[in-house]
Structures are given as structure tokens and as C-alpha cells.
Amino acid sequence: MRPFLAITGTDDDAMIVGDASNAARRAVYRGLPPGQKAQLVLSGADHMTFGGGTGMAEAREGGRRLHRGPQAAALQAQHQRVVAAVSSDWWRWHLLRDEDARQRLRAPVGLAAADLWEQG
115 MRPFLAITGT DDDAMIVGDA SNAARRAVYR GLPPGQKAQL VLSGADHMTF
165 GGGTGMAEAR EGGRRLHRGP QAAALQAQHQ RVVAAVSSDW WRWHLLRDED
215 ARQRLRAPVG LAAADLWEQG
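Sequential numbering of the sequence shown, starting at 115, is according to our numbering.
Have a look at this one:
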């Protein structure tokens, strides 16, 4: 199996009709065979958390306003730091065999108590 890193948030739900629900996003990890897989679920992160935006409370998409909960916008900077650190370490480990990165992935820095990090 090739390495697979899934990253989502507890509020990362369907944005448009037919889009994947949060349950469907999280089912991907469970559906993969055991091995080189990991999943990061950030508590309070929504779909826009992962878009690299500015943390605005609202954004325009296709003429509609996409509303964000205040928690997602407030946590966006912290969430983006965690995503950057975990994804960098994940690929450093798998592509470069960086043992320091592997060790950091045992307990990634910056996770909140309600966040989920699982490997295997």
C-alpha cells in the first residue's frame, strides 16, 4: 500500500449538494487496508479551514455565501500550523526516511485534546 494521509475536521461537511459528508470523509481512512495510513481530524475545523484562506467568517463561492461557525475561523491559524507540521513530517518520513519526523508523528505538537490523530 502506498502512504495515505487523510486530513479533515469535525465540521468539514458537505459544502454543495452531492458533496461528501463528514462521515463519508472519515470513512476513507477506515476503508483503507492496514499499513501506511494516517488520519488527522481537527476539532472545530470546517471545509474552508483547509483552503488556505484568510480565516474570514464568510467566503463567496458561485454567488453563494458560505457561512462559517465562529470556532472554525478562530481556530484556523492553529489548525493550519498543525496541518503544515503533520503533513510535512508525514512526507519527510515516507519519502526521505527521516526518523526525526517519524518520532514527531508519534505525538504531533499542537493537537488539542479533542483532535484525533491515528496511524496504522
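The beta carbon of each residue, even a glycine, is placed where N, CA and C say it ideally should be.
Buried or exposed: Asp126, going by 16 or more other Cβ atoms within 10 Å of its Cβ?
Per the 10 Å Cβ criterion, buried.
Going by other Cβ atoms of all chains shown within 10 Å of its Cβ, with 16 needed for buried, is Gly158 buried or exposed?
Classification for Gly158: buried.
Using C-beta distances below 7 Å, list every residue in its chain close to Leu225, excluding the 5 sequence neighbours before and after it, in chain order.
Here Leu225 has Val196 and Trp231 as same chain residues with Cβ atoms under 7 Å from its own Cβ, once five neighbours each way along the sequence are excluded.
Coil, strand or helix - Gly123 by DSSP:
Reduced to three states, the DSSP call for Gly123 is strand.
In chain order, what residues of the same chain have a beta carbon less than 6 Å from the beta carbon of Met115, not counting five sequence neighbours either side?
Here the set comprises Pro147, Gly149 and Gln150.
Can you tell me whether Asp160 is buried or exposed? The criterion is at least 16 other CB atoms within 10 Å of its CB, across all chains shown.
Sixteen is the threshold: when 16 or more other Cβ atoms of the shown chains lie within 10 Å of the Cβ of Asp160, as they do, the residue is buried.
Quick check on Arg211: buried or exposed, where buried means 16 or more other Cβ atoms within 10 Å of its Cβ?
The residue in question, Arg211, is exposed, as its Cβ has fewer than 16 Cβ neighbours within 10 Å.
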